[in-house]
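Student: Would you mind keeping the following structure in view while I ask a few things?
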Amino acid sequence: MDFVPLLQATGILVALLVLSKIWMSKTGTQAPEPKGAWPIIGHLHLLAGQTPLFRTLAAMADRHGPIFTIRLGFHRAIVVSSKETITECFTVNDRAFMSRPQTAALKYMGYNGAFSAFGPSDDYWREIRKLTTQDLLSNRHLESLKHVRALDVDLSIKELYLFCIKNECKVKVSEWFRQVTMNLMLRVIAGKRYSFGDNEGDKEARQFARTMDEFMYLAGVSECSDVIPGIEWLDLQGNVKAMKRNGKEMDYFMSMWLEEHVQSRKEGKVKKDERDFMDVLLSCFPEDGDGLVFGHKSQDIIKGTALVHSNSLPSLKSIFFFFASHL
41 MDFVPLLQAT
51 GILVALLVLS
61 KIWMSKTGTQ
71 APEPKGAWPI
81 IGHLHLLAGQ
91 TPLFRTLAAM
101 ADRHGPIFTI
111 RLGFHRAIVV
121 SSKETITECF
131 TVNDRAFMSR
141 PQTAALKYMG
151 YNGAFSAFGP
161 SDDYWREIRK
171 LTTQDLLSNR
181 HLESLKHVRA
191 LDVDLSIKEL
201 YLFCIKNECK
211 VKVSEWFRQV
221 TMNLMLRVIA
231 GKRYSFGDNE
241 GDKEARQFAR
251 TMDEFMYLAG
261 VSECSDVIPG
271 IEWLDLQGNV
281 KAMKRNGKEM
291 DYFMSMWLEE
301 HVQSRKEGKV
311 KKDERDFMDV
321 LLSCFPEDGD
331 GLVFGHKSQD
341 IIKGTALVHS
351 NSLPSLKSIF
361 FFFASHL
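Note that the numbering used here has the sequence shown beginning at 41, numbered continuously upward.
Written as structure tokens, this is what we have:
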């Protein structure tokens, strides 16, 4: 008798699979799909071998043409390999390709979707995009912060000079550029600047740098539960645990900076020509954080949006030319 529910569930599952197959065959022309897909995992086993992924996909394209589909667990993905088709995807059909599915990284490190960079293309994403282009990254606002960036460059060069005359050891230029880059971005986003000396500020700066490095790595990790729903609790690779830990560590910094901005606004210390991204975001959303905006707390939206731009650190090449223009 214990097998009756199992048999019923199996029968229902088989019926659903058959019906879905029939429905897909009647929905018009479908892109070709390589053979060898397994139940549940799809084509994942074909992509996990020793052969580099791009070679595996190129071999499939040789057999199935410039556009075909593969199954990544429960999700169907389109693989495009021709320039003409790619152009059509991102011009004529760009709205159909701009959305992204919910992932474990977005859930645990992106304030459950408030981190708009990796979120789905919905009303919230469009509103944040409009806010970013019209306020945060507008020419007027960036121009108002130009002197802040210039002062930070001057201060960084002076610090480097003082370090060189006080110490006979060599300076690792790549590490110094990394520190300057991080400070430039944090000054624009949160009005923060870290000193990389032997003090408490140095410890906090290095902790944030490590947290950011781990965030960037985990954001690109493919978690099994992203393609096979319902197995997140297994956490076979430990990625979910790492994402939860990193999310808490990053939220520590974002919450601390947000509280500093709220306190500065209450004390009237915010200068109009020196407003950073968090100041602008606080003027757009209620400070109490109790109300929901598109299903998210306003504080989570502010922290998530600031985090998006914290990950937009400029390259060493761009920062080099920025320095050259101020020398």
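Note that CB positions come from ideal geometry on N, CA and C, so glycine has one too. Remember, predicted model here, so these are calculated numbers, not experimental data.
Let's see if you can read the secondary structure: which residues bound the beta strand (DSSP E) around Val120?
Tutor: Looking at the DSSP string, the run of the beta strand (DSSP E) that includes Val120 is 115 to 120.
Student: Within the chosen definition, does the region 142 to 159 reach the region 332 to 349 through at least 3 CB pairs nearer than 8 Å?
Tutor: Taking 8 Å as the limit for Cβ pairs, the verdict is that the region 332 to 349 does touch the region 142 to 159.
Student: Alpha carbon to alpha carbon, how far is Ala77 from Pro160?
Tutor: Those two C-alpha atoms are separated by around 27 Å.
Student: Which of the three DSSP states, helix, strand or coil, is assigned to Gly153?
Tutor: In the structure shown, Gly153 sits in a helix (DSSP, three-state: H, G or I).
Student: Could you pull the start and end residues of the beta strand (DSSP E) that Leu321 belongs to?
Tutor: From DSSP, Leu321 is part of no beta strand (DSSP E) but of the alpha helix (DSSP H) over 317 to 324.
Student: Since Phe158 sits in a beta bridge, which residues does DSSP pair it with?
Tutor: Bridge partners of Phe158: none, in fact.
Student: Compare the C-alpha of Met294 against each of Asp340, Val261, Ala136 and name the closest.
Tutor: With distances taken between Cα atoms, Met294 lies closest to Asp340.
Student: At which residues does the beta strand (DSSP E) containing Leu195 begin and terminate?
Tutor: Looking at the DSSP string, Leu195 is not in any beta strand (DSSP E); the run it does join, the alpha helix (DSSP H), is 186 to 206.
Student: Thinking C-alpha only, which one of Glu263, Glu299, Leu332, Gly270 is nearest Lys284?
Tutor: That would be Glu263, whose Cα lies nearest to the Cα of Lys284.
Student: Run through DSSP, which three-state label would His104 get?
Tutor: If DSSP states are grouped into helix, strand and coil, His104 belongs with the helices.
Student: Please state the DSSP three-state secondary structure of Lys343.
Tutor: Lys343 falls in the helix class under three-state DSSP.
Student: I need the straight-line Cα distance from Met40 to Lys170, nearest angstrom please.
Tutor: Since the first and last residues shown for the chain are 41 and 367, residue 40 lies out of range.
Student: Excluding the 5 residues flanking Trp165 on each side, which residues of the same chain have their C-beta closer than 6 Å to its C-beta?
Tutor: Around Trp165: Ser156, Gly159.
Student: Nearest-angstrom Cα distance between Pro141 and Phe114?
Tutor: Near 12 Å, if we compare the C-alpha coordinates of Phe114 and Pro141.
Student: If you compare alpha carbons, which of Val267, His301, Lys337 is closest to Arg116?
Tutor: Out of Val267, His301, Lys337, Val267 has the C-alpha closest to the C-alpha of Arg116.
Student: Based on Cα-Cα distance, which residue from Gln70, Val119, Pro106, Gly105 lies nearest to Leu87?
Tutor: Among Gln70, Val119, Pro106, Gly105, the Cα nearest to that of Leu87 belongs to Val119.
Student: If you draw a straight line from the C-alpha of His187 to the C-alpha of Lys343, how long is it?
Tutor: Cα to Cα, His187 sits roughly 25 Å from Lys343.
Student: Does the count of Cβ pairs from the region 250 to 263 and the region 200 to 217 closer than 8 Å reach three?
Tutor: The answer is no - the region 200 to 217 does not touch the region 250 to 263, with fewer than three Cβ pairs under 8 Å.
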